[in-house]
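Peer 1: One structure is given below, represented as C-alpha cells, and several questions about it will come after.
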C-alpha cells in the first residue's frame, strides 16, 4: 500500500515565525488532504489539494503529484497554530495518514 | 449545515462491557468511514460504509468489532467485550457521493477502558 511520510516529526517555533511542513508519498495519488488536530483533539480540514497551490489566510499548500510530495506553509505563526498537522492520501475509499508533525508555537 | 456528529464524546467502559459509538454524517453525504487513533499515533482506517453496505472493512479487527450504517439512523461502531487496548479516539468521517477522497471528520469519541 501507499506509504506516507511527514517531516519534521516535531517543530518548535517562536510566535511570528514561518514554517514549512512536508509530506512525501510513495505512489501516485489523485488527491491529498491536510488536517490540523488541535490540542483538544479535533480534526480540522485545512486543504483538499490533489495538485497545485491553494491559500487560506496565513496558510498555503502546494502539491506536486508527479514528484510525490506536498508542502504546507504556515506564515506569521500564532500560538493557536499549535497542534499536530496530518497529511492524508486516498487509497481506494480510505485515507492513509502520515504520522503527523507536532507543532508548538511559543509566545 | 451541521458537520459530522458523533456521540458520545467520551465513553468509559469496564473490561468485558460493550461500547457503541454513533456517527451521523453531514447532510447529503452518503459515505461513512471510521478511523481509530491510538495514543501518540496517527489515524488508522477501520471501515468504509454506504447505506446498508460495508464497502471496505480491511482495517477492522477480526473479532469483537462490527459496524453498520442502516437505511435510517446513524452509523454505529460496536465493540464487544472491550479490553484496555481498545482505549483510543474513534473518529467518523463522511464524504459526498463520488468524492471518497474528500472526507470531513467528526469530533471523535474518546473511549477509555478501565
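Protein chains in written order, with the numbering used here: chain A, 1 to 107; chain B, 1 to 114.
Cβ atoms here follow ideal geometry from the backbone N, Cα and C, with glycine treated the same way.
Only counting the same chain, and skipping five residues up and downstream in sequence, which positions put a Cβ closer than 7 angstroms to that of residue 37 of chain A?
Peer 2: Within the same chain, residue 37 of chain A has close Cβ partners 43, 83, 84, 86.
Peer 1: Provide the residue(s) that pair with residue 5 of chain B in DSSP beta bridges, ordered along the chain.
Peer 2: Residue 5 of chain B is bridged by DSSP to B:24.
Peer 1: Write down the C-beta distance between residue 80 of chain A and residue 9 of chain A rounded to the nearest angstrom, noting that I regard them as a contact closer than 8 angstroms.
Peer 2: That pair is no contact at about 21 angstroms.
Peer 1: Give the C-beta separation of residue 36 of chain B and residue 44 of chain B to the nearest angstrom, bearing in mind that I take them to be a contact with Cβ-Cβ under 8 angstroms.
Peer 2: 5 angstroms
Peer 1: With 8 angstroms set as the bound, which would you pick, yes or no: does the beta-carbon of residue 55 of chain B sit closer than that to a beta-carbon of chain A?
Peer 2: Residue 55 of chain B counts as touching chain A.
Peer 1: Just tell me which of A:7, A:24, A:77, A:55 has its CA closest to the CA of residue 13 of chain A.
Peer 2: In this structure, A:77 is the residue among A:7, A:24, A:77, A:55 with its C-alpha nearest to the C-alpha of residue 13 of chain A.
Peer 1: Do the CB positions of residue 82 of chain B and residue 19 of chain B come within less than 8 angstroms of each other?
Peer 2: yes
Peer 1: Measure the C-alpha to C-alpha separation of residue 32 of chain A and residue 80 of chain B and round it to an integer number of angstroms.
Peer 2: 34 angstroms
Peer 1: Closer than 8 angstroms, CB to CB, is residue 73 of chain B near chain E or not?
Peer 2: Annotation note: the requested chain E is absent from the structure, which comprises protein chains A and B.
Peer 1: Distance check for residue 59 of chain A and residue 66 of chain A, CA to CA, integer angstroms please.
Peer 2: In this structure, the straight-line span from the alpha carbon of residue 66 of chain A to that of residue 59 of chain A is close to 23 angstroms.
Peer 1: Tell me which residues of the segment 33-50 of chain B have at least one Cβ-Cβ distance to chain A shorter than 8 angstroms, keeping chain order.
Peer 2: 33, 35, 41, 42, 43, 44, 45, 48
Peer 1: If the cut is a Cβ gap below 8 angstroms, which residues of chain A does residue 102 of chain B touch?
Peer 2: Listed along the chain, the chain A residues whose CB falls inside 8 angstroms of the CB of residue 102 of chain B are 31, 33, 48.
Peer 1: Start and end of the beta strand (DSSP E) containing residue 67 of chain B?
Peer 2: 65-68
Peer 1: Figure out for me which residue from A:47, A:92, A:53 has the closest Cα to the Cα of residue 27 of chain A.
Peer 2: A:92
Peer 1: Here's a check: name, in chain order, each residue in its chain whose Cβ is nearer than 8 angstroms to the Cβ of residue 52 of chain B, leaving out the five neighbours to either side.
Peer 2: 69, 70, 71
Peer 1: Determine whether the Cβ of residue 72 of chain A lies closer than 8 angstroms to any Cβ atom of chain B.
Peer 2: no
Peer 1: Please report how far the alpha carbon of residue 13 of chain B lies from the alpha carbon of residue 6 of chain A, in whole angstroms.
Peer 2: Whole-angstrom Cα-Cα distance: 34 angstroms.
Peer 1: Residues in its own chain within less than 8 angstroms of residue 50 of chain A by CB, not counting five upstream and five downstream?
Peer 2: 29, 30, 31, 32, 63, 65
Peer 1: Nearest chain A C-beta to residue 98 of chain B closer than 8 angstroms, yes or no?
Peer 2: Chain A contact via Cβ: absent.
Peer 1: Nearest CA to the CA of residue 109 of chain B: which residue from B:87, B:94, B:98?
Peer 2: B:87
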